[in-house]
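Residue numbers (our numbering), protein chains in the order written: chain A, 7 to 324; chain B, 8 to 365. Think of the CB as a built atom: it goes at the ideal place given N, C-alpha and C, for glycine as much as any other residue. Here's the structure we're looking at; comments come further down.
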Amino acid sequence: MSGIARASTSDPVIAARGLIKRYGTLTALDGPSFEVASGEIFGILGPNGAGKTTLVEILEGLTPATEGTASVLGIEVTEHPQAVKARIGVQLQAASYHQYLTLREILQLFGSFYPKRADPMELLHRVRLEDRADSRMRTLSGGMKQRFSIVAALVNEPDLVFFDEPTAGLDPDARLDLWQIVREVRDAGATVVLTTHYMEEAEALCDRVAFMNAGQMVALDTPQGLIRSLNAPYRLTLTTAHPLPEADVRGIPGALEVVQERTADGFVVRMRAQTAPSVTTALTTLAGRAGTDIIDLAVEPGTLEDVFLSVTGRRLNG
Amino acid sequence: MTRTMLGASLKMVVRDKQAVFWALAFPILFLGVFRLFSFGSVDTTDIVVGADTRTPAGAALVESLKGVQFLQMRVEPGLTEAAALTELAANRADVALLLTPSSAPGQPAKAEMIDAINDPIGSSVTTAAIRSVIDGTNLALTGVPRAIDLTARTARVERTTFFQFLGPGIIGMGLMTFATISLAGSLSRYREEGVLRRIRATPLPPWRFFSSVLGAHILVSLMQVIVLAVVAQLLGAKVFDGGIGFILVAVYGTVIFLNIGVIIAGRVHGRGAVEGAANAVTMPMMFLSGSFFPTSSLPAAVRPFVELLPLTHMLHAMRAMALEHESFFAQWPALLVMTAWVLGTLLLARWSFSYADA
């Protein structure tokens, strides 16, 4: 690998500059620039066709960019894709493994492609599949297959791992299980790049999240940072026995999108709030002044879904 | 790395039941079925004789007929023509011979032969044999000295039986169908199941991946040719006479069919379609190239085309070594044609199968 500049530990693990990928007249990726720091779990979110897979394939050395540069672990990926491949781990969406080999044999085979390799049994132990070492892929459940595909991305003890929709199609229990495994991978020292279209997955797992839409990276921050960037990040619901004076409710500073309606439970005020504490105080004061009992008060923080909607004008799932 | 890859590729081929069927069960089934037929051997002919063995003519005739090896004789004194026809119709006899004693002293006894042999050659051979028996009996009974005495014997020369001809043909067919169908099938499976894409995400160079897959198939073909040769030899085909050269030609030819498998997997998408295409290539070649029948029995118009097919040359060389004890080096014209096929299909395979699109 002579001639390949090695990064120092403080350098970003990924540095992408103006990546563009065109297929004929179609622009699949339209110029994102970003950096990923060492030890991060970096999430890439977006609907199908947003350019997530294209972006990740360029970083993995599977597809060359039409324009722009990307440095992965200090190596220019366009110039040295094989050198990058040797140091990263890849879990691909829908990628399966040889149906006639056992789990142990698949890990041995994939390990043989790399100069540095982990012990197959140790890897299987990490995802609690050691008792299935001599089973073939087709005998595994969906969750087991996903767990295996994650561990198969770790055969070369990579410094950077890409997980492409690792929990797609899994039930909630299996998803929680997989999140824990992804955290353990990071805790063991690897940087993780994860694509997903589950908002709650990004919120629960990622240190930073990038939103992709129509080939562009439209937002990038920590999940909390993104939510805070919303004009009104909180959702407030107040249920009272008697109606509140609507003009007063609308006049509360920081209250937006106020709606009052009558339901079977009582009178419900729904609104979005720029700050939770002051708006909540103002609402309860108003109820006290109106002499009505508060039946229920709920304050929900904003979600990444809200952020996606505000940034792109469309919902992520649906 | 190479050993692990080759080992894994070998396991994948050997554990694939469909591949094993094409590699071994299919050709062994063919060998077994063809062995059951007794091509080229002369069947016996059943003859029912209506003769009274108490008369000198009857006794002498029955005695002489016993000397004809291919006749299986049953004597039924008093057999009438109607009864004889019934015997023939019921397939209990192929020929009936009715001897009517002489009606008066000095008059010859009358012999009448009726046969129900459909094959004209078989019918004439049987008629000639019985006529000769009657002539002999006449001479013996009348005591006329012979002017010519014939001694007939069968020369002990080695002649190729049809099964011996078939042996190399079925081995070649088995190698071809396994190589093309199994490789095209597994490559298209790798592509569809995402295995190729996953391997592409590793630093493994494409050529190493392909050489391990091809290498495993070549190794399996080597085992296949050895197993099939042993089975064929045990069943009576003399393939061992071809020696190592026989195996070398067989495995070299397999490379062509493996390349064809790569081309099919590259050009045709969808596993069902890939298997269909592989069958569409191998089935006609199996018949046209002389796996089961000599190419000389094909219509003249087809033969120039058949002479271009790789299996034709592979089988020609294999048979020349096994059946005519020719040397490996004497097969150079066939090997030259096969080399052209190896190189041509290799280039086409490289062009057809895009590893990067996987």
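Serine 147 of chain A and threonine 108 of chain A have their C-alpha atoms roughly 15 Å apart. Under the DSSP assignment, leucine 200 of chain A falls in the beta strand (DSSP E) whose first and last residues are 197 to 202.
Using a CB distance below 7 Å, the part of the segment 198 to 209 of chain B facing chain A consists of Glu200, Gly201, Val202, Arg204, Arg205, Arg207, Ala208 and Thr209, ordered along the chain. Across the set B:Met293, B:Ser193 and B:Ser304, the C-alpha of B:Ser193 shows the shortest separation from the C-alpha of glycine 277 of chain B. Here the C-alpha atom of glycine 250 of chain B lies approximately 37 Å from the C-alpha atom of glutamine 105 of chain A. Arginine 22 of chain B reaches chain A at Tyr106, counting residues in chain order whose Cβ is nearer than 7 Å. According to the DSSP assignment, phenylalanine 41 of chain B belongs to no beta strand (DSSP E) but to the alpha helix (DSSP H) extending over 33 to 43. The beta carbon of arginine 28 of chain A lies closer than 6 Å to those of Thr72 in the same chain, with the five residues before and after it left out. The residue from A:Ala216, A:Tyr204 and A:Arg192 with its alpha-carbon nearest to that of leucine 61 of chain A is A:Ala216. Note that the C-beta distance between isoleucine 54 of chain B and glutamine 79 of chain B is below 9 Å. In this structure, threonine 261 of chain B and leucine 182 of chain B form a Cβ contact; the two beta carbons are roughly 5 Å apart against a cut-off of 8 Å. Per the coordinates, the alpha-carbon of arginine 256 of chain A lies some 9 Å from the alpha-carbon of glutamate 263 of chain A. Under the three-state reduction of DSSP, leucine 166 of chain A is assigned to strand. The C-beta separation of valine 198 of chain A from isoleucine 64 of chain A comes to about 18 Å, leaving the pair out of contact by the 8 Å criterion. By the criterion of at least three beta-carbon pairs nearer than 8 Å, the segment 228 to 245 of chain B is not in contact with the segment 296 to 315 of chain B. For the segment 73 to 102 of chain A, the set of residues with a beta-carbon nearer than 7 Å to any beta-carbon of chain B comprises Gln88, Lys91, Ala92, Val96, Leu98, Ala100, Ala101 and Ser102, in chain order. Annotation note: the segment 99 to 164 of chain B contains the following uninterrupted alpha helix (DSSP H) runs of length 4 or greater, listed N- to C-terminal: 127 to 149. Under the three-state reduction of DSSP, alanine 279 of chain A is assigned to strand. Under the three-state reduction of DSSP output, leucine 242 of chain A falls in the strand class.
With 16 or more other Cβ atoms inside 10 Å of its own Cβ, valine 275 of chain B counts as buried. Here the alpha carbon of isoleucine 263 of chain B sits roughly 31 Å from the alpha carbon of glutamine 88 of chain A.
With contacts defined as CB atoms closer than 9 Å, histidine 224 of chain B and alanine 272 of chain B fail to qualify as a contacting pair. For leucine 176 of chain A, the nearest beta carbon of chain B is not closer than 9 Å to its own beta carbon. Glutamate 252 of chain A and glycine 308 of chain A have their C-alpha atoms some 24 Å from each other.
Residue-level contact by beta carbon holds for glutamate 111 of chain A and chain B, with a gap shorter than 9 Å. Counting along the chain, the unbroken alpha helix (DSSP H) around alanine 236 of chain B starts and ends at 213 to 242.
For the options B:Pro340, B:Asp142 and B:Ser298, the alpha carbon positioned closest to that of phenylalanine 41 of chain B is the one of B:Ser298. Asparagine 54 of chain A counts as exposed, since fewer than 16 other C-beta atoms from the protein chains shown sit within 10 angstroms of its C-beta. For leucine 35 of chain A, the uninterrupted beta strand (DSSP E) run begins and ends at 32 to 36, by DSSP. Just so you know, the alpha carbons of arginine 99 of chain B and phenylalanine 37 of chain B end up roughly 32 Å apart. In the DSSP annotation of this structure, the continuous segment of the alpha helix (DSSP H) that includes leucine 310 of chain A starts and ends at 310 to 318. When A:Asn219, A:Pro70 and A:Leu115 are compared, the shortest CA-CA separation from glycine 319 of chain A is found for A:Asn219. Residue contact with chain A for leucine 226 of chain B: absent (no Cβ-Cβ distance below 9 Å to any residue of chain A). Relative to the Cα of arginine 214 of chain A, the nearest Cα in the group A:Ala225, A:Met223 and A:Pro229 belongs to A:Pro229. In terms of beta-carbon proximity, arginine 196 of chain B lines the interface with chain A, with at least one pair separated by less than 9 Å. Residues of the segment 10 to 42 of chain B with a Cβ closer than 7 Å to any Cβ of chain A, in chain order: Thr11, Met12, Ala15, Lys18, Met19, Arg22 and Asp23.
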